[in-house]
Each structure stands twice: as structure tokens, then as C-alpha cells.
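Residue numbers (my numbering), protein chains in the order written: chain A, 1 to 138; chain B, 1001 to 1294.
The structure appears right after this line, and notes come after that.
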Amino acid sequence: MADKLAFELVAPERLLASLEVDMVVAPGAEGDFGVLPLHAPLVSLLRPGVIRVYEGDKVTKRVFVAGGFAEVNVRGLSILAEEAEPVEEIDLEEARERLRNAEEDLADAREPSEAERARLERAVAVARARVEAVENPV
Amino acid sequence: MPSLKDLRNRIASVKQTRKITSAMKLVAASKLRRAQAQAEASRPYAARMAEIMGNLAAGVADLPEAPKLLSGTGKEEVHLLVVMTADRGLCGGFNSSIVRAARQRIARLRADNKEVKLLCVGRKGRDMLRREYGDIIIDYIAGVAGKRRMEYADARMIADRIATLFDAGEFDVCTLLFNRFRSVISQVVTFRQIIPVEPPEAEKPEDEAGAIYEFEPEESVILGELLPRNLAVQVYGALVENAAGEQGARMAAMDSATRNSGEMIHRLTLHYNRTRQAQITKELIEIISGAEAL
Chain A
1 MADKLAFELV APERLLASLE VDMVVAPGAE GDFGVLPLHA PLVSLLRPGV IRVYEGDKVT
61 KRVFVAGGFA EVNVRGLSIL AEEAEPVEEI DLEEARERLR NAEEDLADAR EPSEAERARL
121 ERAVAVARAR VEAVENPV
Chain B
1001 MPSLKDLRNR IASVKQTRKI TSAMKLVAAS KLRRAQAQAE ASRPYAARMA EIMGNLAAGV
1061 ADLPEAPKLL SGTGKEEVHL LVVMTADRGL CGGFNSSIVR AARQRIARLR ADNKEVKLLC
1121 VGRKGRDMLR REYGDIIIDY IAGVAGKRRM EYADARMIAD RIATLFDAGE FDVCTLLFNR
1181 FRSVISQVVT FRQIIPVEPP EAEKPEDEAG AIYEFEPEES VILGELLPRN LAVQVYGALV
1241 ENAAGEQGAR MAAMDSATRN SGEMIHRLTL HYNRTRQAQI TKELIEIISG AEAL
């Protein structure tokens, strides 16, 4: 049986990656989880964070996702992400700028509706996770 | 009887038209390639999404606390038709076939005493429906269909709009109406019901039957996140198909227009030459008979 894990990362507009890897660590909504070959079937929500792809003991790829879903089945792991970019392509200055803007938007919003507030808070959380992805490589 | 000058002008003008239609055909062909590539690229996501939906929905749909987006409001009194057309014309029957299908659907729903509301995406559809159904068009989303690239963000915007209307109790059933791209010469008008979700008939490989999934967090929470996204993915799929269909239809329409103008030029040229010869002959006869009379 498979001693490699089939890993797919898809965005709505295209397939971003389709690889055979040893392990993937994904930022689950209730904590990071690792997926090895032959993992039990699982569906999980993802929080904004970094997906780490392992070949052997080394991390070969770090991809930032702004949230999404992970599904593990017998064929492997698929991650559905709405926004994804490799960590090394994120510009730290630009990421900080975006975080500042998001925080300002949230602070400036006067009496936002509940949905509006949730949206702004989410934008801040994504921007913060994006900065952290660059600042603290794991 | 048109004079020679009229004929010459006519031929020149048809030639100009042919230049324009053949250029439009080439442009449509290259846009079509891009649109098709995009449609293909969007498929994996939609397929995975449908898979997860299938896994989740089966278990949750029957529960009383199932989200409304999945199970509907329990009524089907008010229907929302999302009519997706192009922003531009000159693409054969592309827009009019969607509008015709929309009219038929509206008439049928009204015959069943249902209320119908319309949401138009794309300018042409709104223009054609406005006169007859202006009072039931509740929203119009412009500038999406004409873009060089369909952006997922646009689809999400439309989906959010639909979800907001649904939460406000504006309608019970929502159906997308768009042209599915089958091939360059054939687009199929398609109705796709998105609220309530029709359970996707997920065909599963044998070895997966009965696979028991763990859910993290629990199913209903995931479903709550998944449903709005599924809406956006469905809308996105329809937008992308529509864009490819529009370019395909335009390409076919412009191709036949180019061919027709070629034929017309041929016919006019023949006519022009005959007329010219006839006139020369006539003038010769006049000269000769004038000379003989002397």
C-alpha cells in the first residue's frame, strides 16, 4: 500500500499543487494536525495559517492559506483553500501594511452590523496569521 | 436598377463589414481559449467541494436543525431566477436563448401560482427582460460578465447577495439560469437549482463506500461554513461556463457572418461586372449606329 501521501491543494480558480509527499501538517480549526499516509478519513475546517509539507524529516514547502477545508480519504489529502500563497512569496512589509489597514478598518467601522463586524474581524485574523507565517517559520 | 457607382459603394461597404466580423471572430477565438482553460482549471475545486458536500449533506439533511441553505424554507412559493447573460451582443442566439428560456420558466411558474423574482447578471439579459418584467427584477449585477478573466471574488459577491436575500426571506427557491458550454457551436441552456441544495449524486468508487469520516469541528459547523462557499462555487462555475459559451457563440456567429459577406461580395461583383459590360455594349451600339446613320 501507499507509503506516500497524495496531497492536493486546490483553489477555486485552479489546482495549485498535486504531489506525493511523506507528511502534511495543516492548521485545523481546533489545532494543527499532521496527516500521514493511510490517515483515517477526516473532514476538517482550517483556520488561517500555514500548511507544511514534509519530505522525510524536512519541510519542503510552506503555503499560507486564509482558511478552507481539508478532506482525508483513502486516496489522500485534499485541501480546498480560497486563498493560498507560498510563504516565501509573501512580502513582510506588505503583509504588515495589510494587517494595519485591516485593524484600522475594524477600528473605524461605526456601529457595524453583525455580519460586517464578523467580516472585518476575519480580515484582521487572516492578515495577522499572514504576518506570523512570515515572522515565525516553523 | 442601381447605378455602377452604387454597386461599387455597396461592395466596398460589405468588404469593410467582413473585415470587422473576421477580426471579431479571431478575437473571440483567442478569448475562448482562455475562458475554456479557466473553466477547466475551476473543475477540481468544484469536484472536491461536491464530494465533501455529498459526504456531509447525506447525514445532516434529515435533521430538523439542518441549515436553511441546505434544506430550504420548507415552502416553494417564491422563486428567484438568476439569469446570467453576456454584457455584449453580436454573439448569435446566445443571449436570446437564455432570455427565451427565462420567459418560459416565468410563465410556467406563474401558471402554478408561484411568485417569481429575477436577479440579472449581465447587461443584455436585463435589457431584454426589463420591459416585460421590470417590476420583478430585484437586483442587477453589472460588469461581471464582460471581464477578461472571471474572478472568484465576483462569484462570491453574487453568492453573498443571493444569501443575504435568502436570509431576508425574499425567496424560497433559487435557480441559476446560464448557458452550459458543450462545444464551440453548441451551448445548452441550463437550469441549476442551488437553494435548497439538490443532493449531489456522488458516484463513489467501491472502496470508499461506507467510509466513516471524522469531523473536526462537528458536522453542522463545517456545513455552516461550507454551504455559502458551495453557493459561490456554483455561481463561479456558471459564470465561467457562460463566459466560455459566450465566446464560442460569438465565434460561430462571426464565422458565419464572414462567410455570408464573402458570398455577398461574390454576388455583387458578378452583378457589377455584368452591368458594366452591358453598359459598354450599349454605348458601342449607340456609337456604331450613330456612325451608320451619317
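Idealized CB from N, CA, C, for every residue including glycine.
Since we're looking at a predicted model, the values are computed, not measured.
Note on geometry: alpha-carbon atoms of B/G1237 and A/L80 lie some 15 Å from one another. When rounded, the separation of the alpha-carbon atoms in A/G34 and B/A1232 is 29 Å. Here the segment 1172-1180 of chain B makes contact with the segment 1079-1097 of chain B; the two share three or more CB pairs at distances below 8 Å. Between the alpha carbons of B/L1268 and B/P1228 lies a gap of roughly 59 Å. With a minimum length of 3 residues, there is no unbroken run of beta strand (DSSP E) contained wholly in the segment 1215-1269 of chain B.
By the Cβ-count criterion, B/F1181 is buried, with 16 or more other Cβ atoms from all chains shown falling within 10 Å of its own Cβ. Judged by DSSP in its simplified three-state form, B/L1129 adopts helix.
By the neighbour-count criterion, in which a residue is buried when 16 or more other Cβ atoms sit within 10 angstroms of its Cβ, A/F69 is buried.
Within the same chain, Cβ atoms closer than 7 Å to the Cβ of B/I1136 are found at V1116, K1117, L1118, the five residues on either side in sequence being excluded. Put simply, the backbone Cα of B/M1157 is about 10 Å away from that of B/V1235. Boundaries of the beta strand (DSSP E) around A/D32: 31-35.
Looking only at A/L5, A/A107, A/D3, A/P12, the smallest Cα-Cα distance to A/A84 is reached by A/P12. For B/N1242, no Cβ of chain A is located within less than 8 Å of the residue's own Cβ.
Restricting attention to B/L1129, B/S1071, B/Y1140, the CA atom closest to the CA of B/V1197 is found in B/S1071.
Ranked by Cα distance from B/N1260, the options B/P1002, B/K1015, B/I1162 are led by B/K1015. Taking the C-beta atoms as reference points, B/A1252 is found nearer than 8 Å to B/G1092. If you draw a 10 Å sphere on the C-beta of B/I1052, you find 16 or more other C-beta atoms in it, and that means buried.
By the Cβ neighbour-count rule, A/S18 is exposed, with fewer than 16 other Cβ atoms within 10 Å of its own. Interface residue (Cβ-Cβ distance to chain B less than 8 Å): A/E71 is classified as such. At a cut-off of 8 Å between beta carbons, B/S1042 contacts chain A. When DSSP reads this structure, A/L46 sits in a beta bridge with A/G28, A/G68.
Straight-line measurement puts the Cα of B/D1172 at about 7 Å from the Cα of B/F1166.
A contact is defined here as three or more CB-CB pairs under 8 Å, and the segment 1210-1222 of chain B fails this definition with respect to the segment 116-128 of chain A.
B/M1084: member of the beta strand (DSSP E) spanning 1078-1084, first to last residue.
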